[in-house]
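Q:
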Amino acid sequence: MITLLTFPAGLHEPSLSPFCSKTIHLLNMSGQPWQRKDVSNPSRMPHGKLPVLQWNNETIADSHLIQAALERAGTDFYATCAFEDRAKGQAIMRLIEDWPYHALVHDRWVHDDGWAIFRAAFFGEMPAVMRAPVGEMIRKSVRRGLERHGIARCTEAERLALVERDLSALAEFLGDRPYVLGDTPTAADAACLAVLGAIRNLPMETPLRHRIRSDKRIMLYLDRCGQAFTSAYA
Numbered sequence: 001m002i003t004l005l006t007f008p009a010g011l012h013e014p015s016l017s018p019f020c021s022k023t024i025h026l027l028n029m030s031g032q033p034w035q036r037k038d039v040s041n042p043s044r045m046p047h048g049k050l051p052v053l054q055w056n057n058e059t060i061a062d063s064h065l066i067q068a069a070l071e072r073a074g075t076d077f078y079a080t081c082a083f084e085d086r087a088k089g090q091a092i093m094r095l096i097e098d099w100p101y102h103a104l105v106h107d108r109w110v111h112d113d114g115w116a117i118f119r120a121a122f123f124g125e126m127p128a129v130m131r132a133p134v135g136e137m138i139r140k141s142v143r144r145g146l147e148r149h150g151i152a153r154c155t156e157a158e159r160l161a162l163v164e165r166d167l168s169a170l171a172e173f174l175g176d177r178p179y180v181l182g183d184t185p186t187a188a189d190a191a192c193l194a195v196l197g198a199i200r201n202l203p204m205e206t207p208l209r210h211r212i213r214s215d216k217r218i219m220l221y222l223d224r225c226g227q228a229f230t231s232a233y234a
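First residue of the sequence shown: 1, per the UniProt record's numbering; consecutive thereafter.
#1: Quick one: give me the first and last residue of the beta strand (DSSP E) that L53 is part of.
#2: On the CB-based measure, 16 or more other CB atoms within 10 Å of its CB, does N28 come out buried or exposed?
#3: To the nearest angstrom, how far is it from the Cα of R72 to the Cα of D113?
#4: Enumerate in chain order the residues of its own chain whose CB-to-CB distance from R119 is below 7 Å, with the five nearest sequence positions on each side excluded.
#5: State yes or no: is the C-beta of L198 within less than 8 Å of the C-beta of P8?
#6: Could you check if F83 is buried or exposed, using at least 16 other CB atoms within 10 Å of its CB as the buried criterion?
#7: Is it the case that the Cβ atoms of V195 and I96 are separated by a distance below 8 Å?
#8: Does DSSP put G10 in a helix, in a strand, or in coil?
#9: Which residues mark the beginning and the end of the alpha helix (DSSP H) in which I218 is found?
#10: Smallest Cα separation from P203: which of L220, H111 and P100?
#11: In whole angstroms, give me the CA-to-CA distance for Y179 and T186.
#12: Counting C-beta neighbours from all protein chains within 10 Å, is the total for R144 16 or more, i.e. buried, or is it exposed?
#13: Would you mind working out which of T230, A190 and K37 sits nearest K22, comparing C-alpha positions?
#14: Could you check whether A188 and M93 sit closer than 8 Å to each other, using their CB atoms as the reference points?
#15: Spatial neighbours of E156 within its chain, please: CB distance less than 8 Å, with the 5 preceding and 5 following residues excluded, ordered by chain position.
#16: Within 10 angstroms of its Cβ, does T6 collect 16 or more other Cβ (buried), or is it exposed?
#17: Could you tell me if residue 291 is buried or exposed, where buried requires 16 or more neighbouring beta carbons within 10 angstroms of its beta carbon?
#18: Comparing C-alpha positions only, which one of R209, M219, A228 and G226 sits nearest to P100?
#19: Does G182 come out as helix, strand or coil in the three-state DSSP assignment?
#20: Nearest to Q32 by alpha carbon, out of T184, A128, G124 and D76?
#21: Report the CB separation of residue 247 from H47 in whole angstroms; it is logged as a contact under 8 Å.
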């Protein structure tokens with residue numbers, strides 16, 4: 001039995017981490033029997049992060065390496081795709097997991113209103129005496145990471161403009177198709193749902209959330225992905 005070590009569910013998402021949510025979708029697609037084990041503190045994990053998969057006496061860290069392990073075991077997440085579309089799928093995944101993902105993290109961890117809500121969701125089970133100091137310590141670390149990435153150095157208007165370019169590119173991939181590469185959901189759709197779904201479900205209004213929620217095409221696309229990954233493969 002596969003065991004997925006993941007951050008807990010929250011904020012209407014299967015996990016508070018989009019990378020954990022993506023892995024949950026991939027596991028459901030794979031048809032492999034699996035179970036989840038929620039972990040709040042990933043400091044003892046191989047990379048100090050989640051998700052982590054425990055499978056056949058092997059520990060696999062990183063959602064992309066987990067995807068590769070499932071593929072080696074026989075799952076083809078792009079079974080209906082030509083070789084060129086498989087390459088597009090990888091590009092789409094990287095596209096969504098860069099600026100849109102980091103903009104989400106910024107709204108959760110740096111935005112003061114977002115932080116007030118996200119702190120309660122992420123650290124809610126921690127003893128109250130530890131919650132504020134530990135939360136602020138990790139928040140500072142996240143902020144430094146976002147500054148190194150570059151997104152925290154941008155104004156809000158600049159962040160939205162950068163994400164807009166990626167969302168416009170995604171719209172071109174999507175076109176009039178139900179999923180980004182055709183009629184069947186792929187790993188790329190799992191990544192899009194994990195990141196864009198978390199933006200849609202931000203618990204407070206931000207320009208980023210408004211951009212997603214005001215886009216009828218993306219909202220319908222996310223609804224289709226949600227139905228596919230929670231019913232068709234469950």
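All residues carry an ideal CB built from backbone N, CA and C; glycine is no exception.
A: Reading off the structure:
#1: V52 to W55
#2: When all chains shown are included, N28 counts as buried.
#3: CA-to-CA, the gap between R72 and D113 works out to about 43 Å.
#4: G135
#5: In the sequence under discussion, the amino acid at residue 198 is Ala, which differs from the Leu named in the question. Cβ distance not < 8 Å, so A198 and P8 don't count as in contact.
#6: exposed
#7: yes
#8: strand
#9: K216 to Q227
#10: H111
#11: 8 Å
#12: exposed
#13: A190
#14: yes
#15: P207
#16: buried
#17: Shown here, the chain extends from 1 to 234; a query on residue 291 therefore has no answer.
#18: R209
#19: Three-state DSSP puts G182 in a strand.
#20: D76
#21: Any property of residue 247 remains undetermined from this structure, which presents the chain solely from 1 to 234.
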